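Engineer:
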Amino acid sequence: MGAIFVTDETHVNARPRDVFALFGHGTGAGWLFDATFDALRPGAVVRFRIPWPYGDGTLEATGRIVAVRQDSRIVLAHETPWRGRVVCTLTPSGSGTRVRVVAEIDDTGIEWLQALHGLDPPEPAAEPGTHPIGLLVSLSGSASVFAAASENVARMAVAEANVDGGVRGSPLRLVVADDATDVRVGAARMRRLVRAGCQAVFTNVTSATFDAIDPIARAAGVLLIYTPVNEGGRAGHGLLRLGERPEGQLSLAVPYLMRDSGGRRWYLAGNDYVWPRASNRQARRIIAGYGGEVTAERYAGLGTRRFDRLLEDIERSRADLILSTFVGADEVAFERACHEAGLRARVRTLSLALDEATREHVGDAAGTGLYTAFGYYQQLPTSENRAFLDRYRARYGCMAPPVSSISESLYEAILLYVAAARQTGGGEPAEVGRALSGSSLRGPRGHVRVAKPDLLEQDMHLVRAIPGGFTHEKTAERP
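All letters in the sequence shown, in the order written, are residues 2 to 480 by our numbering.
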């Protein structure tokens with residue numbers, strides 16, 4: 002179909018330099034002018050809301066500043082909920098300024114907008130002779146912060162596997178679906194991937210969506226591979242749960258932070274679904290084991306952006322340390338609110354879902370000093386990681402969204418799957434799943450091994466956020 006372009010134009014009774022100065026200051030001057038970013042410069046990430054005649058009247062979007070011409074032009078590249086560009090041009094008009102905005106919407110965006118109206122996207126066309134695999138990610142909604150890189154690395158893994166012959170001569174075909182960080186949408190999209198003939202589906206959606214798609218995959222006999230940090234649970238030859246576990250993250254981070262800060266009072270705060278609650282059960286046990294105490298445990302629904310009452314409660318609790326299990330855009334809003342309230346000066350925060358993309362949206366000012374623990378981070382000093390990042394940037398450009406453990410996990414999972422599918426001759430999904438157990442790979446995060454369907458052996462790294470990324474604090478090596 003190709004891209005379509007939407008144009009809007011208005012006249013403002015102010016000089017171009019005065020209109021330009023409104024960008025990013027939350028003055029209520031309009032959807033693009035109220036964008037949130039740390040610096041108005043090429044490469045900076047930006048969050049903004051697109052006018053939409055339903056719900057609260059806007060859609061949340063993320064992107065990156067591509068070009069800036071002082072007082073006259075700003076170009077943004079969409080990352081979510083679709084790919085495209087937004088160009089805002091300011092030109093003198095009499096005593097005021099003509100403001101012209103041109104927004105590009107690609108095929109993915111058109112399908113996404115149709116889905117908001119309840120229209121199912123067209124079924125993927127059959128391509129005989131290919132080996133279809135599915136990718137279910139959050140291209141929109143609260144978890145969309147890391148979705149752009151997730152799709153990128155998955156496509157990169159597929160391309161590399163196909164250069165190496167695919168599976169028994171059949172090229173892999175990636176079918177991508179968006180769960181919109183919504184359980185019902187995720188279930189519908191999973192059924193679409195099944196109808197598309199996908200023999201395996203890879204996903205790093207929230208545990209809430211995962212719980213909805215698991216029975217669908219099981220009923221269809223599709224191999225489901227869940228790659229991000231997760232709370233564990235049922236697994237087998239038809240379901241692999243890879244990724245970090247809260248116990249591994251917390252066992253590394255909790256004693257270090259208590260010893261380094263001298264604090265022992267923890268406040269647990271996160272989104273209200275299964276992964277944060279399971280993480281906090283582990284946290285209570287581990288914190289108590291090191292002589293600490295939990296002052297409170299509070300939850301907020303996915304999509305929460307205001308944290309006034311929660312911050313007041315944290316202040317009253319006199320906590321020394323915060324464990325955050327907010328995800329995506331919710332974590333961005335929470336950490337920025339903590340910074341604005343002055344909490345960062347006296348309370349240390351460990352965030353179990355603070356990946357590179359989320360840290361970037363939190364920003365250097367609000368993010369510096371936050372801690373997290375993952376099996377991969379972008380500054381990991383290995384030759385495999387450097388080569389991986391070189392290929393990633395060569396394919397997607399220097400301003401591509403950053404890779405994190407949550408997204409990179411898909412890359413290694415697809416390569417592990419391809420090796421197992423080749424070993425079994427591209428057999429039944431359960432047969433491939435059986436071959437995955439015991440398999441290993443040396444990739445960007447080092448040596449990993451699928452010890453069991455619910456256990457990926459890998460090193461764990463405690464890192465601290467600094468301007469531009471993370472710095473290493475401590476590593477727990479794989480068994």
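Even glycine gets a Cβ: it sits at the ideal position worked out from N, Cα and C. Nothing here was measured: the structure is a model prediction, and the numbers come from that model.
Would residue 65 and residue 36 qualify as a contact pair, given that the criterion is a beta-carbon distance under 8 Å?
Structural biologist: Going by C-beta atoms, residue 65 is not nearer than 8 Å to residue 36.
Engineer: Buried or exposed for residue 2, going by 16 or more other Cβ atoms inside 10 Å?
Structural biologist: Low per-residue confidence applies at residue 2: pLDDT is 48, beneath 50, and the placement is therefore not dependable, though the value from the model is reported in the following sentence. By the neighbour-count rule (16 or more Cβ atoms within 10 Å), residue 2 is not buried but exposed.
Engineer: If you measure between the beta carbons of residue 256 and residue 244, is that distance less than 8 Å?
Structural biologist: No. Outside cutoff.
Engineer: According to DSSP, is residue 163 part of a helix, a strand, or is it coil?
Structural biologist: DSSP places residue 163 in helix when its eight states are reduced to three.
Engineer: Entirely within the segment 78-164 and at least 3 residues each: give me those beta strand (DSSP E) ranges in chain order.
Structural biologist: Listed in chain order, they are 85-94, 97-106, 132-138.
Engineer: Flag residue 438 as yes when its Cβ comes closer than 7 Å to any non-hydrogen atom of the ligand MG, and as no otherwise.
Structural biologist: Of ligands this structure carries none, so the ligand MG is not represented either.
Engineer: Buried or exposed: where does residue 321 fall if 16 or more other Cβ atoms within 10 Å of its Cβ makes it buried?
Structural biologist: Buried: at least 16 other Cβ atoms inside 10 Å.
Engineer: Determine the DSSP secondary structure at residue 223, reduced to helix, strand or coil.
Structural biologist: It is coil, neither helix nor strand.
Engineer: List the DSSP bridge partners of residue 323.
Structural biologist: Partner(s): 268, 350.
Engineer: Looking at C-alpha atoms only, which residue of 367, 359, 324 is the closest neighbour of residue 343?
Structural biologist: The shortest C-alpha separation from residue 343 is found at 367.
Engineer: Determine the contact status of residue 94 and residue 328, defining contact as a CB-CB distance below 8 Å.
Structural biologist: In this structure, residue 328 does not lie closer than 8 Å to residue 94 by Cβ.
Engineer: Hey, is the segment 394-410 in contact with the segment 146-157, meaning 3+ C-beta pairs nearer than 8 Å?
Structural biologist: Segments in contact, yes.
Engineer: Quick check on the DSSP output: what are the complete alpha helix (DSSP H) runs of length 4 or more inside the segment 371-433, in order along the chain?
Structural biologist: Fully enclosed alpha helix (DSSP H) runs of 4 or longer: 384-397, 406-424.
Engineer: On the CB-based measure, 16 or more other CB atoms within 10 Å of its CB, does residue 401 come out buried or exposed?
Structural biologist: By the 10 Å Cβ count, residue 401 comes out buried.
Engineer: Between 204, 107, 323, which has its C-alpha nearest residue 251's C-alpha?
Structural biologist: Nearest option by C-alpha distance: 323.
Engineer: Can you tell which of 414, 223, 21, 395 has the C-alpha that lies nearest to the C-alpha of residue 101?
Structural biologist: Checked all of 414, 223, 21, 395; the closest Cα to residue 101 is 21.
Engineer: From the DSSP secondary-structure annotation, give me the bridge partner or partners of residue 445.
Structural biologist: Note: residue 445 sits in no beta bridge, so no partner.
Engineer: For residue 129, is the classification buried or exposed, using 16 other Cβ atoms within 10 angstroms of its Cβ as the cut-off for buried?
Structural biologist: By the 10 Å Cβ count, residue 129 comes out exposed.
Engineer: Please name the residue or residues paired with residue 248 in a DSSP beta bridge.
Structural biologist: Its beta-bridge partners do not exist; DSSP assigns none.
Engineer: Would you tell me roughly how many angstroms separate the C-alpha atoms of residue 362 and residue 180, rounded to the nearest one?
Structural biologist: About 21 Å.
Engineer: Which residue from 112, 213, 254 puts its Cα closest to that of residue 191?
Structural biologist: Considering only alpha carbons, the answer is 213.
Engineer: I need the boundaries of the beta strand (DSSP E) containing residue 233, first residue and last residue.
Structural biologist: Residue 233 -> no beta strand (DSSP E), and no H or E assigned at all.
Engineer: Within 10 angstroms of the Cβ of residue 462, are there 16 or more other Cβ atoms? Answer buried if so, exposed if not.
Structural biologist: The residue in question, residue 462, is buried, as its Cβ has 16 or more Cβ neighbours within 10 Å.
Engineer: Among the candidates 443, 444, 421, 439, whose CA atom is the shortest distance from the CA of residue 433?
Structural biologist: The shortest C-alpha separation from residue 433 is found at 421.
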